[in-house]
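Okay, so the sequence shown: first residue is 824 according to our numbering, each after it adds one. Glycine included, each C-beta is placed from N, C-alpha and C at the ideal position.
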Amino acid sequence: MINLMYLVLTALLALNVSKEILDSFIIVNEGLENTKSTFKEKMDATYAQFSGLAKENEAKYGAAWRDAQQVQSLASRLVSHIDTLKGMLISKTDGVPLEQVMGKANGVDTVLNLQYVHLKDNNTHITEMMVGSEPAKPKEGPHTAKELRGMLEKFRDQVKAAAKGDPKLQASADRMFDFSDRKDASGTVNNWESMNFYHVPVVAGITTLSKIQTDIRTMENELVGRMMAGVESKTFKFNKLTAITQPLSSYVTVGGKYRASIFLGAYDDQNAPEVIIGRVDTTVTPPAIIGEGKTLPMEGAKAILEEPASSAGLKTVTGIIKFKPVGGELQVEPFKVEYEVAAPNLVVSPTKMNVFYRGVENPVSISVAGYSASNIQPSMNNGSLTRAKDGYVVKPGPGQTAMVSVTVTNPDGSKKAMPGVEFRVKNVPNPTPYFAGHGVNDNTVKRNELLAAQGVIAKMENFEFDLKFDVVSYTVSTTIAGNFLEKPCSGPALSADAKAVLERVKSGQKIFIENIKARGPDGTVRNLGALSFKVI
């Protein structure tokens, strides 16, 4: 209503400036000043509430509060600057010091009421200060209409920037602070500066400035109010609370710690979300399920996930939660659940047979119930332990025992040493020597077998490991015509001299294969003893 009266009075100025019209401007200005003060009080309360919320919850309100502070600072500086302009106009018009015109009321700048201005219809000083002598080219500089227009344009642009995403408020700012040229009462197109401040009575110009201040406070109030409401609109509304226990692991070993997060969860039992599992594309906004997904059944506002444990190992389930708060927009959040399936495992340990053999790769399976393989760190003394395709491989050292220890990593990241397991360390047993297909348990050899023999071999019998021993040397001996003959052999094959001796052996005579030595896979040379046979 006050703005409407202002427009009517401005139109009447073009007809006649009577005392009654000037008095009407005083009334309108008082109304505008009261409106400005009311807005100021309202804004102070809003800013105090906004500041308190930002202190209590910086993450939620902090960014919006800092934007609001920028608007507050610019609006306050602009209103104060316009008060200064009004004071200077009254001071120049009535020829009184500026200090007599400006004052303070409740800590706020105030300007002398227009009813106390003597030369209310004077238009000389306002024209000179605000526009200059050429209305088509308003002058520039401090305390001019040109400067004021620039400050108002800056305020308008900041309001629009802060109101991004709110086209209605941006359009309102454009309408309220429209500085385009327009026609005056005579039909002449004129610029904003001259339309409002060139050859107008000082009370009319000051009333115009009061209206601009009211526009600033109106826009400030609208913008900051929407800023705070915008934060609130993003807040989810829930009507139920429940205690939630989230264990880091449901499996605890003796000496360990059970650790869980216990907190309050809020939900809306009248507005359940939709939970869908499947492959999630997080590169799009909002996240979406790739291909077909599976919607989980709900119990109230809680989704129930059931997955068959068809195979052992680490399992991962991904999906999205869709929730539309009352009065808000649809929210979509991705989630991931990991769990491990362990196969039933019977462990029987023959404690008397815990043996590692030197010189061979001893395969070992190491596991700790309740822990995945990735959270197990085994080690051993007296030898080496390395990871293999299936489990681990142990190569013991020279000591008589070896201890295998394990350190596990708990769900909370802490580490725990498990009791170790001790193993005896033994050498690989000697292989059994064979000559002409006969071993230590044989007493005779046929002459045709003897003549076909190629040499001595060493075989591992009844041993878990498939090992190869290489015969290094041995001697062949017998008695022929009363003479004892002994021929050395290097390597597994018979030497030429040994073959020549064996060809002369007759049935009924004895042959001896002695000092048999073989090299094992660990590089050591073993003495395998001797063989003796009667030729038949």
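By the neighbour-count criterion, in which a residue is buried when 16 or more other Cβ atoms sit within 10 angstroms of its Cβ, His966 is exposed. In the structure shown, Asn1233 adopts coil according to DSSP, grouped into three states.
In the three-state reduction of the DSSP assignment, Pro1311 falls in the strand class, which pools E and B. Residue burial annotation: Ser1237 is exposed, with fewer than 16 other C-beta atoms found within 10 angstroms of its C-beta. Counting every other CB atom within 10 Å of its CB across the protein chains shown gives Ile1359 a total below 16, marking it as exposed. For the pair Phe1179 and Ala1225, the CB atoms are nearer than the 7 Å cut-off. Runs of beta strand (DSSP E) with 3 or more residues, each lying fully within the region 1090-1172, are found at 1097-1100, 1136-1146, 1154-1164, listed in chain order. With distances taken between CA atoms, Met1051 lies nearest to Ala868 out of Glu843, Leu1325, Ala1211, Ala868.
Counting C-beta pairs closer than 8 Å gives fewer than three between the region 1143-1161 and the region 1191-1205, which falls short of the contact rule.
Looking only at Thr1108, Thr1037, Pro1254, the smallest Cα-Cα distance to Met999 is reached by Thr1037. Under the Cβ criterion (8 Å, minimum of three pairs), the region 902-922 does not count as touching the region 982-993. With 16 or more other Cβ atoms inside 10 Å of its own Cβ, Phe873 counts as buried. The C-beta distance from Asn1266 to Lys1357 rounds to 6 Å, short enough to fall under 8 Å. Listed in chain order, the non-local C-beta contacts of Gly1278 below 8 Å within the same chain comprise Phe1258, Val1294, Cys1312, Gly1314, Pro1315, Ala1316, Leu1317, local neighbours out to five positions each way being set aside. A straight line joining the alpha-carbon of Gln938 with that of Ile844 spans about 13 Å.
In the pairwise beta carbon analysis, the region 895-912 is classified as touching the region 1013-1032: at least three pairs are separated by under 8 Å. Closest in C-alpha terms to Lys1291, from the list Val1299, Tyr1297, Lys1282, comes Lys1282. DSSP places Gly875 inside the alpha helix (DSSP H), whose first and last residues are 842-879. DSSP assignment within the region 930-990 yields the following whole alpha helix (DSSP H) runs of 4 residues or more, N-terminal first: 947-953, 968-985.
Counting the other Cβ atoms within 10 Å of the Cβ of Gly1136 gives fewer than 16, which makes it exposed. Going by DSSP, Arg1342 is part of the beta strand (DSSP E) stretching over 1333-1342.
Residue environment: Asn1233 is assigned as buried (16 or more neighbouring CB atoms within 10 Å of its CB, all protein chains considered). Counting of Cβ neighbours within 10 angstroms places His1261 among the buried residues, the total reaching 16 or more.
If you look at Asp1293, you'll find it in the beta strand (DSSP E) that goes 1293-1303. For Ser1355, the beta-bridge partners assigned by DSSP are Phe1335. In the displayed model, Met1051 falls within a helix according to three-state DSSP. Distance check between Glu1163 and each of Thr1139, Asn1185, Asn1253 places Thr1139 closest, using alpha-carbon atoms only.
Nearest neighbour of Ala1240 by Cα position, chosen from Leu1046, Lys943, Ser1017, Met1203, turns out to be Met1203. According to the DSSP assignment, Arg1270 belongs to the alpha helix (DSSP H) that extends over 1270-1275.
Leaving aside the five residues that flank Asn1338 on each side, the residues in its chain whose CB is nearer than 8 Å to its CB run, in chain order, Ser1296, Tyr1297, Thr1298, Asn1350, Ala1353. Look at Arg998 here: in three-state DSSP terms it is helix. When the beta-carbon positions are compared, Val1155 and Pro1110 come within less than 7 Å of each other. When DSSP states are grouped into helix, strand and coil, Glu1245 belongs to the strand group. At the C-beta level, Val1251 and Pro1219 stay beyond 7 Å of one another. Excluding residues up to 5 positions away in sequence, Ile1359 lie with their Cβ nearer than 7 Å to the Cβ of Lys1269 in the same chain. Note that the C-beta distance between Ser1033 and Leu855 is below 7 Å.
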